[in-house]
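This report refers to the structure that appears directly beneath it.
Residue numbers (our numbering), protein chains in the order written: chain A, 703 to 1100; chain B, 7 to 458.
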């Protein structure tokens, strides 16, 4: 019994000590991402990009008169809405963060937006939740996103495909809201433009062999396969099985499939395949690439620039209202993101903070050409990536 | 007080104390959100305990039943999509009619003529006819505004009804599954239930006309008020003003309005959570009382006798198969109720998030750690494991911070540990399971009346 009591007492002490938060006057921004769970390999660079923006503002020495920013990380798990809301609640009510960057995934975003952001009045900017359905979530205006909705990417891709004269395709998508959403938006746009979809089938991630799926798809008679999937998951398996059996030689991708690991693995076998991914070869993106590289953030994956943007918007909104109060931040997010004002690119936070401190106006462009529509979502620019000589090359911006 | 009673008192006391500590040390809103999930987890654990603890049925398909509960929350409470119902409602009705007709006819033929060939022919014909109409119906429904609806919607009834409906839906599925697979013994049953739960998830994920599949349903109506409405309600504002009158008086008049606003916002969140806690607690108490009564009745003794020695019980003339089916249905129904409660609390149904780690094995850890065969044990297990599941993260940060505090701020090891503190959650779970199994192999609260 005594042992048991000892255990309880020591547990209690640990918890108490853990729950005493250290008082310092740094301003805290919550970073809610799926650090564990299905996208855990994507989140560390996203978090690093977000923290880069924070340290940039801290180091400038002029953020709210020289205040520092501290990031407080929380795990949104990507799938468990209950754990994600508990983590968000901890950030808001215990750590007293002024705003939240995140959550990463669409399902947890909807839960956090309705259960934590709206009731607490906390500005929440997700950098990677792309589900189209999030546009209609009851967030009372507190949920924003710097990653464009999937609905848009499907349209852009359909336009490119028709322009290339490809009139018949088969589609396979990974069976989640990302793949399904894209397949629907692409399908609708493609049909409207006169294309014909010979077959749509879903695939589950994490299987060892996809030859059965590829067999069904090729039986439809299509020569080109559209893959809405993930590079490290089923998408790669589908390509492998297609090349092995000679069913398809040409593929169409979206952001989840574009990365150097794909071309490294398949090389020139994929020549002529193409796809879209967010971001453009604009001045903004070029600048971001330089900054990311010099800070050691790999840019060969999605959502890094958008994470930087989400954080930067919160920082600039705080500066615009000259207060780290949550209401003030919420009031100014739209104003700093959109015109009119001086254009601010990634790496120029100091310039933006200076202008705002003097009472000027800015139009944050950031890493990925941020421009919010009336419900706080970016329109999104996409670059057309083609595989030429075994490497992804950006050929056009849409 | 007996040794056992002391154990019960200390474990519940500790849990209560820990949650109070979170309330005082961190925040009441966090503490209550942990409590609410603890209550739901406790109900799930009770469902497993009834199957495993009472009757020794090794069901690793809890996930499927909780998902069915969540599905019922959507089907009962969401508003119906008028266009979709208009376009495809009748078609779907025809499909269901043909399908049930096929099943009914084949059962009738089988019973009347015992002609297997004829039955197979009817089933095959039925399948093709159903499929023909079904494809047309689903395509019609799914084509209507796929990004935001694309399904039939629900019945627009109060969401609380779905807790009962979820129980019935899960019970129905369990009856069907039980009929097929309960003849199997322990490990075979485990494999069968694991597979079947994945089948249920696969169906829900792919039947978009039913609940939008992987595109998720958000905005399930609440049985309790919305925080935003409370913040604007006069009665609530007056109540909060009255409650905080003392502390407000201490502030200068200029800060009154802002302070009151902050109090109202906090209070509205706590109020909503308390409403949920009340609902969940009443369901938990109801189930505990019923389960306790059942366990201590002649029926409960019979079930445990079957668990401990199936042969002997069977030789005494007890209908083992029938009891197993009963237990399987009851336990799964409770899992279904808790699934509906969870979907209601989260306000959304996301089929992609049902993974065995979270909805089957975590629940099993709760039962094992709490003490299988003991209802109170399952409740304690549910509370403790969920508490650690959430609090492991801040504790992990704190541990990583403390253990490397002597290192330089930019030190690689320190940075690495701090950046990966989230993973301690999984280590914690393993450690707790090992520690409890080592020092109390029967769980925190072992089964009391093991001997009949």
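The beta carbon of each residue, even a glycine, is placed where N, CA and C say it ideally should be.
According to DSSP, residue 1079(A) sits in a beta bridge with which residue or residues?
847(A)
Quick check on residue 421(B): does DSSP put it in helix, strand or coil?
helix
Below 9 Å on C-beta distance, what does residue 225(B) contact in chain A?
812, 816, 838, 839 and 840
If you check the beta carbons only, do residue 200(B) and residue 67(B) fall under 8 Å apart?
yes
Take residue 825(A) as the anchor and find which of 835(A), 832(A), 850(A) and 798(A) has the nearest alpha-carbon.
798(A)
Residue burial classification, residue 240(B) (beta-carbon count within 10 angstroms, cutoff 16)
exposed
Chain A contact for residue 280(B) (CB, 8 Å cutoff)
no
Short CB-CB distance (under 8 Å) between residue 167(B) and chain A
Under the Cβ criterion of 8 Å, residue 167(B) is not counted among the residues facing chain A.
Which runs of the alpha helix (DSSP H) fall wholly inside the region 283-359 of chain B and span at least 4 residues, in chain order?
304-314, 316-321 and 326-352
If you follow the beta strand (DSSP E) that residue 1066(A) is in, where does it begin and where does it stop?
1064-1068
List, in chain order, every chain A residue whose beta-carbon is nearer than 8 Å to that of residue 153(B).
834, 835, 853, 883, 886 and 887
What does residue 10(B) reach in chain A if we use C-beta pairs closer than 9 Å?
Near residue 10(B) there are no residues of chain A at all, since even the closest Cβ is about 12 Å away, more than 9 Å.
Cα separation between residue 168(B) and residue 366(B)?
22 Å
Just to confirm my understanding: we take residue 190(B), look at its own chain, exclude 5 residues before and 5 after, and list those with CB closer than 7 Å. What are they?
198
Closer than 7 Å between beta carbons: that is the criterion. Which residues of the region 781-798 of chain A meet it against chain B?
781, 782, 783, 784, 785, 787, 788, 789, 791, 792, 795 and 796
List, in order along the chain, the chain B residues whose C-beta lies closer than 7 Å to that of residue 878(A)?
220 and 358
Return the residues of the region 18-45 of chain B that lie within a Cβ-Cβ distance of less than 7 Å from chain A, sorted by chain order.
20, 23, 24, 27, 28, 31, 32, 33, 35, 36, 39, 40 and 43
In angstroms with no decimal places, state the Cα-to-Cα distance between residue 308(B) and residue 188(B).
18 Å
Taking 8 Å as the limit between beta carbons, can you name the residues of its chain near residue 459(B), skipping five residues before and five after?
Residue 459(B) is absent from the structure shown; chain B starts at 7 and stops at 458.
Distance CB(residue 221(B))-CB(residue 835(A)) smaller than 8 Å:
yes
Can you list, in chain order, the residues of its chain whose CB lies under 7 Å from that of residue 998(A), leaving out five sequence neighbours each side?
The answer is none, since no qualifying residue turns up.
If you count every other CB in all the chains shown that lies within 10 Å of the CB of residue 449(B), and 16 or more means buried, which is it?
buried
What residue range is occupied by the uninterrupted beta strand (DSSP E) comprising residue 875(A)?
870-876
Take the Cβ of residue 1095(A) as the centre, count every other Cβ of all protein chains shown within 10 Å, and call the residue buried at 16 or more, exposed below.
exposed
Within the region 172-242 of chain B, ranges of the beta strand (DSSP E) (whole runs, at least 3 residues)
none
Anything in chain B within Cβ reach of residue 777(A), meaning under 7 Å, just list it in chain order.
399 and 428
Per DSSP, what kind of secondary structure is residue 1(B) in: helix, strand or coil?
Examination of residue 1(B) is not possible in this model, given that chain B is present from 7 through 458 alone.
Can you find a C-beta in chain A that's less than 8 Å from the C-beta of residue 211(B)?
True, the Cβ-Cβ gap to chain A drops below 8 Å.
Do you know offhand how far residue 757(A)'s Cα is from residue 1047(A)'s?
16 Å
Please classify residue 935(A): does DSSP put it in a helix, a strand, or coil?
coil
Status (buried if at least 16 other CB within 10 Å, exposed otherwise) for residue 1005(A):
Residue 1005(A) should be labelled buried.
On the criterion of 16 or more Cβ atoms from any shown chain inside 10 Å, does residue 261(B) qualify as buried, or is it exposed?
exposed
Rounded straight-line distance, which links the Cα of residue 323(B) to that of residue 370(B):
32 Å
What does the alpha-carbon distance come out to for the pair residue 451(B) and residue 395(B)?
20 Å
First and last residue of the uninterrupted beta strand (DSSP E) at residue 827(A)
825-828
According to DSSP, is residue 730(A) helix, strand or coil?
strand
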